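Numbering (this note's numbering), first residue to last: 3 to 372.
Heads up, the beta-carbon is just placed ideally off N, CA and C, and yes, glycines get one too.
Note that the structure is predicted; figures quoted are calculated from it, not measured.
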Amino acid sequence: MPRSARKPDPEKPSLGSLRERIDELDRKILDLVSMRAGIVEQVGELKHTAGEVAYVPARERAIYERMIAENPGPLTAEQVKRIFTEIISACRALEHMPRVAFLGPELTYSHDAARLRFGSSVEFMPESTHAGVFQALDNGRADFGVVPVENSTEGTITLTLDLLIDSALVIIGEVLLPVRHAIGSRDGDSALIKKVVSHQQSLGQCRSYLAANFPGRELEALASNRFAAQRAAEDPQCAAIASLAALQASGLKVIAENIQDIATNTTRFLVIGKRPVERSGSDKTTVLFAVRDKVGALHEAISLFARNQINISKIESRPLRSRPWEYIFFLDFAGHRDDPRVKRALKALERKALFLKVLGSYPEGRSISA
Numbered sequence: 003m004p005r006s007a008r009k010p011d012p013e014k015p016s017l018g019s020l021r022e023r024i025d026e027l028d029r030k031i032l033d034l035v036s037m038r039a040g041i042v043e044q045v046g047e048l049k050h051t052a053g054e055v056a057y058v059p060a061r062e063r064a065i066y067e068r069m070i071a072e073n074p075g076p077l078t079a080e081q082v083k084r085i086f087t088e089i090i091s092a093c094r095a096l097e098h099m100p101r102v103a104f105l106g107p108e109l110t111y112s113h114d115a116a117r118l119r120f121g122s123s124v125e126f127m128p129e130s131t132h133a134g135v136f137q138a139l140d141n142g143r144a145d146f147g148v149v150p151v152e153n154s155t156e157g158t159i160t161l162t163l164d165l166l167i168d169s170a171l172v173i174i175g176e177v178l179l180p181v182r183h184a185i186g187s188r189d190g191d192s193a194l195i196k197k198v199v200s201h202q203q204s205l206g207q208c209r210s211y212l213a214a215n216f217p218g219r220e221l222e223a224l225a226s227n228r229f230a231a232q233r234a235a236e237d238p239q240c241a242a243i244a245s246l247a248a249l250q251a252s253g254l255k256v257i258a259e260n261i262q263d264i265a266t267n268t269t270r271f272l273v274i275g276k277r278p279v280e281r282s283g284s285d286k287t288t289v290l291f292a293v294r295d296k297v298g299a300l301h302e303a304i305s306l307f308a309r310n311q312i313n314i315s316k317i318e319s320r321p322l323r324s325r326p327w328e329y330i331f332f333l334d335f336a337g338h339r340d341d342p343r344v345k346r347a348l349k350a351l352e353r354k355a356l357f358l359k360v361l362g363s364y365p366e367g368r369s370i371s372a
């Protein structure tokens, strides 16, 4: 029997009845979200009276983890996280509309990280430099900032570390963003391409792909992937590496997607603010310190964490600009500065170090899309 002549199965719901159920559920969802927003407004009034901040990362982290744990499917953990990010973002804006500075322009990976952390109901403020993000907070134009600090392929972004040395701002969170690069051009014809443009980090993350598919082509590093896409839109012999969204926004045709050399390519972003945040139960702390220039001094400092059963996840050295051939060390480790074990370790380190600065304790970032 032709498909068009098949009789509907009386035991199966019709398309119309399914749509009616969806409409009914949508009304219930709207009612529940509105009720939630009303309660958030009451919470905001209580916070304002008590002088408390509107943005509490530990509380939001607990909500996300609970919703993901209770997710019955078929939505993925990432989809659930994104839905509740937007609900929380919209409700938070009823208390206070956050102003978030990021390394711009829009449609960069820094912009993606900022949206992943804060949702869409914020005032985004693109800055042209890392220093500009810090300055936006220092002069009161922004409440929070998002800056890249490390890539799993290319390593540490030292400029961010250097800015943290003298800044009074604190780290209040981190975002682990899976980075998926695409390459595109005006015509989408790789044979026409004589130059490939992108941010320096992105060019490095696609080194093998470029060598195999665009050998001998000129590579030019620009300030951002978004600028690269705009440049390629003006020159038919130029291709840009950027996110798929950035390529499409510039009207480019995609030559290839997922061209990063390492499939799990991830960039770590720091969220910076003006006030420390409370414990979440699964935290990370970042400190910087200097030790005396003598044999075993660094080993002695590091051993203090092992004695207190604290796991160190990263150590990075940077030269002291005021003292040639002397170094300071950045340390990431598990725990919050208010944890008893961490308190003991930091107190002991303070006695041994020339100086010690706690850059922040914050909820540990997790990549749920991996």
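In chain order, what residues of the same chain lie with their CB nearer than 6 Å to the CB of residue i, ignoring the 5 residues before and after it?
i	result
R182	N260
R339	T287, V360, S363
Nearest to residue i by CA position, among the options, is which residue?
i	options	result
A138	T110, N153, A170	A170
P217	C208, A223, L224	C208
E236	L254, I243, K349, D114	L254
T87	P76, M99, R63	R63
A116	E302, R323, R270	R270
T131	T110, R119, A251	T110
S315	Q44, E47, E152	E152
E108	L77, L249, G283	L249
H201	I167, V297, A241	A241
Give the DSSP-derived three-state secondary structure of residue i in the structure shown.
i	result
P217	coil
S204	helix
R188	coil
K30	helix
P15	coil
N260	coil
T110	coil
V297	coil
D334	strand
A56	coil
G275	strand
L77	coil
If you follow the alpha helix (DSSP H) that residue i is part of, which residue opens it and which one closes it?
i	result
E62	59-71
R346	342-354
D164	160-168
G1	Since the first residue shown for the chain is 3 and the last is 372, residue 1 is missing from the structure and cannot be characterised.
R228	227-236
Can you list, in chain order, the residues of its chain with a C-beta nearer than 8 Å to that of residue i? Leave out the 5 residues immediately preceding and following it.
i	result
L246	R182, A184, V256, E259
L358	V289, L290, F291, L348, L351, E352
L205	V198, L212, L221, A223, I243
R38	I89, C93
How far does the beta strand (DSSP E) with residue i in it reach, from first residue to last?
i	result
E129	125-129
G362	357-365
Q) Given 8 Å as the limit, is there contact between the stretch 70-83 and the stretch 126-145, that is, 3 or more CB pairs closer than that? A) no
**Q.** Segment contact, 8 Å Cβ cut-off, at least three pairs: the stretch 49-56 with the stretch 74-90
**A.** no
Q | Segment contact, 8 Å Cβ cut-off, at least three pairs: the stretch 265-274 with the stretch 141-153 | A | yes
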